[in-house]
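Just so we're aligned: the sequence shown equals residues -7 to 238 in our numbering. For each residue, glycine too, the CB sits at the ideal point set by N, CA and C. To keep things clear, I will list the structure first and then write my remarks on it.
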Amino acid sequence: MARLNTFFLPPDQWPARAGDVVRLSGPEARHMGTILRTEKAQTVRLFDGQGHDGLFTVRDIAKNRADLEAVELAEHPAPEGGLTLAIGWGKSKRRDYLLEKIVELQGNGVIFWQAVRSQGGLPKDPKAAWNEKFIQAAKQCGAVRLPELETVSGGVGGLLALAGGFDHCYLAWEAGEADTPLAPDMLSKGRTLVVVGPEGGFDPAEADRLIGAGFVPVTLGPSILRWETAAVYCLSLAMFGAQDRS
-7 MARLNTFFLP PDQWPARAGD VVRLSGPEAR HMGTILRTEK AQTVRLFDGQ
43 GHDGLFTVRD IAKNRADLEA VELAEHPAPE GGLTLAIGWG KSKRRDYLLE
93 KIVELQGNGV IFWQAVRSQG GLPKDPKAAW NEKFIQAAKQ CGAVRLPELE
143 TVSGGVGGLL ALAGGFDHCY LAWEAGEADT PLAPDMLSKG RTLVVVGPEG
193 GFDPAEADRL IGAGFVPVTL GPSILRWETA AVYCLSLAMF GAQDRS
């Protein structure tokens, strides 16, 4: 069977049962009708980013809207564990790439935090464009859940306020004191947080404070990695570890 075109429907509009009719509007409807030239009676896939997806039949379609009838609905349980990355904020053209990879490699979420060596100021709230990158990546790879997205001010203190929600916390540190390699099995048991510094790395006081709070320092290998490379490395290890346990 050919791969079906996929579109995002907000969770608050998700149908309760097969036979319900929903309306797709805005950019997703334009993508369906104008770009992909979807026609009546075609079957498409919708998802809501919170674990629901299903097959829908197009009942009516126009330039900026589409009415679709639910044919087959599925609900996928939330994972019991998973990896969340806390990444030191920086002005980077590679952020879009990172957001895509977090979805494709099944990351649970990303937290951008204001580090001492961050370039520029961290936005108070996540930008809508970031979530749009999540959606586009999920449409491409078939994901049913969008990662959680958060910005945290207050530096290390802001991170420590969130640490209690995780089973394991690691500090990806390039300093020589970090001699324990991060391994797949360390990322596949429970909810895990890995903190990655900005382009300029951690300020020593930041690392000391995190370690003092119980974060385990780990190494990602002999190379000093760019922050998006470090993030993808961690995500790949976590995905491999999850597959190995299944």
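Would you mind working out which of the options sits nearest residue i, comparing C-alpha positions?
i, options, result
"Asp59", "Val148, Ala223, Glu20, Leu179", "Glu20"
"Ala234", "Gly193, Lys181, Pro214", "Lys181"
"Asp159", "Phe207, Glu142, Phe126, Pro196", "Phe207"
"Ser17", "Glu31, Phe0, Arg9", "Phe0"
"Gly113", "Leu90, Glu140, Trp81", "Trp81"
"Asp200", "Gly149, Ser84, Ala54", "Gly149"
"Ala230", "Gly193, Gly192, Tyr162, Ala167", "Tyr162"
"Glu198", "Leu227, Asp177, Ala164, Ser228", "Ala164"
"Gln5", "Gly41, Gly25, Glu31", "Gly41"
"Leu152", "Glu31, Gly204, Val95, Lys85", "Gly204"
"Thr26", "Ala54, Gly74, Ala120", "Ala54"
"Asp171", "Pro209, Lys85, Met24, Arg137", "Pro209"
"Tyr89", "Lys116, Ala121, Asp117, Glu64", "Ala121"
"Ser145", "Ser228, Lys116, Asp45", "Lys116"
"Asp45", "Thr30, Lys83, Leu75, Leu(-4)", "Leu(-4)"
"Leu28", "Arg15, Asp12, Thr(-2)", "Thr(-2)"
"Arg86", "Pro118, Lys125, Ala62, Met24", "Lys125"
"Gly74", "Gly193, Ala8, Arg137", "Arg137"
On the three-state DSSP scale, how would you describe residue i?
i, result
"Thr(-2)", "strand"
"Phe48", "strand"
"Asp4", "helix"
"Trp165", "coil"
"Met(-7)", "At Met(-7) the pLDDT is 46, less than 50, meaning the model places this residue with poor confidence; the figure from the coordinates comes in the next sentence. Reduced to three states, the DSSP call for Met(-7) is coil."
"Trp122", "helix"
"Arg137", "strand"
"His68", "coil"
"Thr211", "strand"
"Val224", "helix"
"Trp81", "coil"
"Thr268", "Residue 268 is absent from the model: the chain starts at -7 and stops at 238."
"Pro115", "coil"
"Leu217", "coil"
"Arg183", "strand"
Assuming residue i and residue j are in contact, meaning their beta carbons sit under 8 Å apart, how far apart are those beta carbons, in whole angstroms?
i, j, result
"Gly147", "Gln106", "6 Å"
"Thr211", "Leu179", "Between Leu179 and Thr211 the Cβ distance is about 14 Å, and since that is not below 8 Å, they are no contact."
"Gly43", "His68", "5 Å"
"Gly101", "Glu72", "Not confirmed; about 15 Å, so no contact."
"Trp219", "Pro196", "Wrong, their Cβ atoms sit about 18 Å apart, outside the cutoff."
"Pro139", "Ile79", "Between Ile79 and Pro139 the Cβ distance is about 12 Å, and since that is not below 8 Å, they are no contact."
"Glu92", "Ala10", "The Cβ separation is near 32 Å, so there is no contact."
"Asp52", "Lys32", "7 Å"
"Pro7", "Ala62", "4 Å"
In the DSSP output, what is residue i paired with across the bridge?
i, result
"Val14", "Leu60"
"Ile203", "Answer is none; Ile203 lacks a bridge partner."
"Gly189", "Looking at the DSSP assignment, Gly189 forms no beta bridge with any residue, so it has no partner."
"Gly156", "Answer is none; Gly156 lacks a bridge partner."
"Pro173", "Thr211"
"Val252", "Because the chain here runs from -7 to 238, residue 252 falls outside it and cannot be looked at."
"Val36", "Phe48"
"Gln132", "Gln132 is not bridged to any residue."
"Ile127", "Note: Ile127 sits in no beta bridge, so no partner."
"Ile94", "Beta-bridge pairing links Ile94 to no other residue."
"Gln42", "Arg137"
Exercise. Does the stretch 200 to 217 touch the stretch 123 to 131, meaning 3 or more C-beta pairs lie closer than 8 Å?
Worked result: Too few Cβ pairs lie closer than 8 Å, so no.
Exercise. Would you call the stretch 182 to 199 and the stretch 221 to 229 in contact, with 3 or more CB pairs under 8 Å?
Worked result: They touch, by the three-pair rule.
For this session: Count the CB pairs spanning the stretch 20 to 36 and the stretch 46 to 60 that are closer than 8 Å, and state whether there are at least three.
Result: Inter-segment contact for the stretch 20 to 36 and the stretch 46 to 60 is present: three or more beta-carbon pairs are separated by less than 8 Å.
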